[in-house]
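These notes are about the structure you will find just below.
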Amino acid sequence: MKARVFITLKPGVLDPQGKAIHHALEGLGFSGVNDVRAGKLIELDLADNTSDSDIEDMCRKLLANTVIENFRIERSADA
Amino acid sequence: MKTAVIVFPGSNCDRDLAVALKQVTGRAPAMVWHRDTELPDGVDFIGIPGGFSYGDYLRSGAMAARSPIVRAVVDAANRGVPILGVCNGFQVLTEAGLLPGALMRNAGINFVSRPVKLTVENSQTLFSSGYEQGETIRIPVAHHDGNYQADEATLDRLEASGRVVFRYAEEVNGSARRIAGIVNDAGNVLGMMPHPERAIESAHGSTDGRRLFEGLLETVA
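Chains as they are written, first to last, in this note's numbering: chain A, 1036 to 1114; chain B, 15 to 235.
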């Protein structure tokens, strides 16, 4: 079983990396980009009996820093 | 005073911290590897050095905060042993939950490496008794992720209880309220981004860092 964990900065937390990407996009001539926020994607290959709460535990204890980040878990049986 | 310095893969200020401690206390610290599970018996002080532990993988300090030795450091912190985390050490202390808040990428994106002016906001802590209240001191910073952030309620609580020990006297990295160093509620754990161990001898350009260790020696020993 696979799971993907999306880690994003909480709303309102300054994202200098997103800002730099935004500036670079504008520099390339892409107009109409209102904002950019950068995050992380972590792919986990898990034993089939791994529960949702196990994955949430992993997020809270290590994968995300919940002081500044949110996480979202997406499970998929195959792929 | 019996001291210890924790060494992670990627630490790079461990030797500087060891030299500073040896000069001030007259005794070389025990260098404790991240895989160790116990600290030396009767240790009076633990230093967590700067650097890029575990290559800053995931988040600065995140992997180090989950290493075996940090469990022993957390136990020592709860017993009241004085602990100083400098730079990456500060990041490790926040990731380990010993200090509130988080250290994010510098607001200006660039790595900042230069001497900066700090205001001593509280000279009544274990670590700051060598300074005058409100004094301006000069200590180098060298970091990419030094932008201290916490929610407003936490910041208010830190300010109201005198837990902001050092504040930048100039704009450095976008830190909330220009916070450069804080202590925990019990006052025995200090995290700071500036490097006091790099301001020990006159050849360093400033000896203001030395007084932190001298003050500590006086209060602890």
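For every residue, glycine included, the Cβ atom is placed at its ideal position computed from N, Cα and C.
Going by DSSP, A/P1051 is part of the alpha helix (DSSP H) stretching over P1051 to G1062.
The region 110–128 of chain B and the region 1036–1052 of chain A touch, with three or more beta-carbon pairs separated by less than 8 Å.
Taking each of B/T139, B/A164 and B/G176 in turn and checking the Cα distance to B/L231, the smallest one comes out for B/T139. Of all residues in the region 115–133 of chain B, the ones placed with a Cβ closer than 8 Å to any Cβ belonging to chain A are G115, A116, M118, R119, N120, A121, G122 and I123, in chain order. Under the rule that a run must span 3 or more residues, the beta strand (DSSP E) segments found entirely inside the region 35–68 of chain B read 44–47 and 59–62. Shown in chain order are the members of the region 177–190 of chain B whose Cβ falls below 8 Å from a Cβ of chain A: G188. Taken through DSSP and simplified to helix, strand or coil, A/V1040 comes out as strand. The way I'd put it, the region 22–41 of chain B does touch the region 54–73 of chain B; three or more beta-carbon pairs between them come closer than 8 Å. Membership of A/S1088 in the alpha helix (DSSP H) is indicated by the continuous run D1087 to M1093.
The Cβ atoms of B/I97 and B/T51 do not sit closer than 8 Å to each other.
Shown here, B/S175 sits in coil according to DSSP, grouped into three states, outside any helix or strand.
In chain order, N1100 make up the part of chain A whose C-beta sits under 8 Å from the C-beta of B/R73. At least one C-beta of chain A is nearer than 8 Å to the C-beta of B/E109. The Cβ of A/V1040 sits no closer than 8 Å to any Cβ of chain B.
A Cβ-Cβ distance of about 29 Å is found for the pair B/R73 and A/N1084, leaving them out of contact under the 8 Å criterion.
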